[in-house]
Amino acid sequence: MIKADHRPLYLQVIDRIKDDIENKVYEEGEKLPSEFELSKQLGVSRATLREALRLLEEEGVVIRRHGVGTFVHTKPLFSAGIEELYSVTDMIKQANMEPGTIFLSSAVREATDEDRRRFNQEELTEVMEIERVRTADQVPVVYCLDKVPNQLLENHSIHETKSIFNYLEEIGHSISYAVTYIEPIGFHERVSEILQCDPETSLLLLKQIHYDQSERPLLYSLNYFRADKFKFHVVRKRVKA
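If you use the working numbering, the sequence shown corresponds to residues 1 to 241, in order.
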């Protein structure tokens, strides 16, 4: 039962549910009681409870599934500033987990006009396309589709390395920065299955073009991150007019 204080009831409900989650009354992924049961337990109206749940969902504390119920959201295992360029390997290591790689395929393909534009090479004829799954403690967490101009990889075996960043550096091509586009997407018929996602688990797609210190594009990546495992943030500075 909620104890009355000077704050609005819905704020008290939010704190109570957060405390219950923190104290393991409700575990990650567990379904909360129905709105009827929970409002009765807390001694508040269903309208007050709905407002509290709406705000908790906006914070990412709970997730509501239409027609199913409200669940405690799984806390992300990995968090990084999007302005900081880390490889997936480094992100997993920073979470004190063991990074791993499952190679799905690699193939040399004829370069398209889009490839030539993307890598700023009119003479580009071939690109290497590499499809991998990155794991953390053997759990699939990221699906990666990478494209590299094939001349950078000739006479080298990409399967010998877990990090393409490190691999390019070893052959004398260090990544300096990347231009990144982020797209939240829902269930993906192929990728979600590869990453062993529930149908309700969304994905974060990072499209990235990586450049060296000479402004030369070296790597184009499509990285699909499990949104329940990864959280990205950005520091924004005010620009005075």
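C-beta atoms are modelled at their ideal positions from N, C-alpha and C, and glycine is treated no differently.
In terms of alpha-carbon separation, which member of the options lies closest to residue i?
i: S45; options: D198, V13, F232; result: V13
i: K24; options: Q208, H73, V127, H233; result: H73
i: N150; options: V108, T180, D137, V142; result: V108
i: F246; options: L85, P217, S221, K31; result: Past the edges of the chain, shown from 1 to 241, lies residue 246, and the structure says nothing about it.
i: M97; options: S176, K229, L145, T201; result: K229
i: S169; options: L49, R116, E59, L219; result: Reading the sequence as shown, one finds Glu at residue 169 and not Ser. For the residues L49, R116, E59, L219, the minimum Cα distance to E169 belongs to L219.
In whole angstroms, give me the CA-to-CA distance for residue i and residue j.
i: P140; j: N223; result: 13 Å
i: S157; j: E27; result: 44 Å
i: H6; j: Y167; result: 59 Å
i: V235; j: E215; result: 24 Å
i: V62; j: D90; result: 29 Å
i: L11; j: R54; result: 12 Å
i: Y143; j: I175; result: 20 Å
i: G43; j: K75; result: 28 Å
i: P99; j: E37; result: 43 Å
i: I164; j: Q94; result: 18 Å
i: L145; j: L203; result: 15 Å
i: C197; j: I21; result: 23 Å
i: R226; j: P217; result: 26 Å
i: Q138; j: I194; result: 13 Å
i: V148; j: K31; result: 44 Å
i: Q208; j: T135; result: 20 Å
Round the Cβ separation of residue i and residue j to the nearest angstrom and send it over; I've been treating them as touching at under 8 Å.
i: I17; j: A47; result: Not quite, the Cβ-Cβ distance comes to about 16 Å (not below 8 Å), so this is no contact.
Heavy atom of the ligand SAM less than 6 Å from the Cβ of residue i, yes or no?
i: Y143; result: The ligand SAM is absent from the structure shown, which contains no ligand whatsoever.
- Whole alpha helix (DSSP H) elements within the stretch 43 to 130, 4-residue minimum: 46 to 59, 88 to 94, 113 to 118
- Task: Determine contact between the stretch 100 to 116 and the stretch 124 to 141, defined as no fewer than three beta-carbon pairs at a distance below 8 Å.
- Result: yes
- Message: Give the list of continuous alpha helix (DSSP H) stretches no shorter than 4 residues that lie fully inside the stretch 153 to 205.
- Response: 164 to 170, 191 to 194
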